[in-house]
Amino acid sequence: MKFFLEGEKVGLKKLTEEELSQKYVDWLNDMEVTKYLVSGKFPSDIEDVRRFIETANTPNRVTFAIYRKDTNEHVGNVKLDHIDWISRKADFGIMIGDKSSWGAGIGTEVTSLILEYAFDVLNLHRIYLGVLKENLAAVKTYQKLGFVEEGVRKEDQYVEGRYLDTIVMGITKSQWLASKSKIVAVIQARMSSSRLPGKVLKPLGGKPALQRVVERVIKAQRIDEVIIATSTDPTDDPIEALCSSQKWKCFRGDLDDVLKRYHDAAKSAGAGIVVRITADCPLIDPTLIDTCIDAYKKNIEHVDYVSNIDERTFPDGLDVEVFSFKALETAYLKATSPHDREHVTPFIRRNFRKLTVSQKVDLSMLRWTLDYQEDYEVLDKIYQRFEKMGLSNFSTRDVLKLLLEDPSLILLSHRLEPSDDEKIEVRRKIEELLEETEVIEP
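Numbered by our numbering, the letters in the sequence shown go through residues 916 to 1357 in order.
Printed below as a string of structure tokens:
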């Protein structure tokens, strides 16, 4: 069979009377199949199906039959409806009627094929859809493909005796391109710290600090690859040795021109979107990394750089920066000052569109970065405490609760012993944040 669009598992052809069958009618009368469909009731007899097929492809609608390539069987349909050629947008809908094809990745592949067709062939700007809130598997699939939630229609569909909410989701061409971009976390590390030499390999709860950072970064669900960017200086040989023993990707470049090293590392990994992490942040939060990436992808048409450092509300040591490789390459080619070459992102922050991720309660006075001996001693104690609890995958909230239990673990950004008033204020703010259910405000 010749297909109009073809993937690894499926082929798509225009829906015609060739697909008219009792099997198709049975799908539409199966409540398990139609439960989560938001486009209303489907035809229930062969003549109704015939009439639907007759209008399946019009100037403002395109409908494809989905075929499995391994069985050559018709298993469902997918469509772009209400195509607006002026505003260049369309409504997406899909039905997998063959229940034996559920959970086989068919829907994901079909949706990817349709998005590519919509944006590359039809030159549409935006695709939108409605999905019932309870259809969690579909919501996750659409999010993975780059769709973002745009709103909720309350009590929108009546299903099995209940009114259910419909989540409205959409994706623009820019967002789709971003979803296809490889997201690479580049962790810069070196041994020659002037304030705490060799800090990135100092043991925290029995493991090198760099290993603690990498183990937390790889827990971020949005990241495709992690690479360590160190220098060619012989003092950094131990970093390469650790990377080799752990089978991490390692790039070695210029010691002093960190911007060049960072650019070259990202380029070597084929990064489209870069996540900047430093090796002196051993409490880095994978959930916060994902939040910053999501904020970048959601706002990609309006921003080039997202971080939580421009207007600080998070503890020092939870720093995340997300930006396009294009912005990094521009900085690499145009930045000339020693400051810009040493610190990677100042040029980007001055010259590109920015967005800040913040939280409702300002905890920027807390110090969780590894720069001084006192930092090391506290961070080591924190890791030892969690190791004793058997809690390797601890969260920022877990750390904050630990600080409430043991105020001796509180370090402030000014590096002085906290006064009694400061301790009271920090405790109040931590308790306030822990009471919040939604702490992130992109």
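All C-beta atoms, glycine included, are put in the ideal place defined by N, C-alpha and C.
C-alpha gap between residue i and residue j, whole angstroms
i: Ile1082; j: Pro1261; result: 38 Å
i: Leu1198; j: Leu1315; result: 11 Å
i: Leu1079; j: Leu952; result: 12 Å
i: Ala1181; j: Ile1192; result: 12 Å
i: Gly955; j: Leu943; result: Low confidence applies to Gly955: its pLDDT is 49, below 50, so where it sits in the model is not reliable, and the reading given next is rough at best. Taking the straight line joining both Cα atoms gives about 11 Å.
i: Arg1131; j: Ala1210; result: 20 Å
i: Ile981; j: Gly926; result: 6 Å
i: Val1063; j: Val1190; result: 20 Å
i: Ala1184; j: Val940; result: 49 Å
i: Ser1307; j: Ile1138; result: 20 Å
i: Ser1252; j: Leu1170; result: 16 Å
i: Glu923; j: Ser1089; result: 25 Å
i: Arg1265; j: Leu1233; result: 21 Å
i: Glu1346; j: Arg1227; result: 19 Å
i: Pro1201; j: Val1235; result: 10 Å
Rounded distance between the beta-carbons of residue j and residue i, thought under 8 Å
i: Val1173; j: His1254; result: Between His1254 and Val1173 the Cβ distance is about 11 Å, and since that is not below 8 Å, they are no contact.
i: Val1128; j: Ala1186; result: Between Ala1186 and Val1128 the Cβ distance is about 18 Å, and since that is not below 8 Å, they are no contact.
i: Gly1168; j: Ala1144; result: 7 Å
i: Ile1042; j: Phe1007; result: 5 Å
i: Gln1299; j: Gly1120; result: 5 Å
i: Leu1030; j: Trp1091; result: 6 Å
i: Leu1060; j: Leu1116; result: About 40 Å separates the two Cβ atoms, so there is no contact after all.
Helix, strand or coil at residue i [DSSP, three-state]
i: Arg1256; result: helix
i: Tyr939; result: helix
i: Pro974; result: coil
i: Cys1196; result: coil
i: Ser1027; result: helix
i: Ala1250; result: coil
i: Asn1266; result: helix
i: Asp1286; result: coil
i: Tyr1291; result: helix
i: Ser959; result: coil
i: His1217; result: coil
i: Gly1121; result: coil
i: Arg1167; result: strand
i: Arg1191; result: strand
i: Asp1277; result: coil
i: Lys1114; result: helix
i: Lys1296; result: helix
i: Ile1154; result: helix
i: His989; result: strand
Residues near residue i by beta carbon distance below 6 Å, same chain, minus five either side
i: Val948; result: Trp942 and Gly1012
i: Ser1096; result: Gly1187 and Ile1188
i: Asn1214; result: Leu1270
i: Arg1003; result: Leu1039 and His1040
i: Ala1100; result: Val1132, Ile1138, Val1141, Val1190 and Ile1192
i: Ser1108; result: Lys1114
i: Cys1165; result: Ile1143, Glu1155 and Cys1158
Own chain residues within Cβ distance below 8 Å of residue i, not counting five before or after
i: Asn972; result: Lys929, Leu930 and Thr978
i: Thr1056; result: Gly1022, Thr1023 and Thr1026
i: Asp1231; result: Ser1279, Leu1281, Arg1282, Trp1283, Thr1284 and Ser1328
i: Ile1325; result: Leu1281, Leu1318, Pro1333, Lys1338 and Val1341
i: Glu932; result: Arg965 and Ile968
i: Leu1125; result: Ile1102, Ala1104, Val1115, Leu1116, Ile1143, Ile1154, Leu1157 and Ala1194
i: Tyr1287; result: Arg1110, Leu1111 and Arg1330
Burial state of residue i, where buried means 16 or more other Cβ atoms lie within 10 Å
i: Lys1275; result: exposed
i: Val1067; result: exposed
i: Ser936; result: exposed
i: His1178; result: buried
i: Lys994; result: buried
i: His1217; result: exposed
i: Met1084; result: buried
i: Ile1098; result: buried
i: Ser1323; result: exposed
i: Met916; result: exposed
i: Val1036; result: exposed
Spatial neighbours of residue i in its chain, beta-carbon cut-off 7 Å, leaving aside the 5 residues before and after
i: Val1221; result: Cys1207, Ala1210, Tyr1211, Val1237, Leu1270 and Val1272
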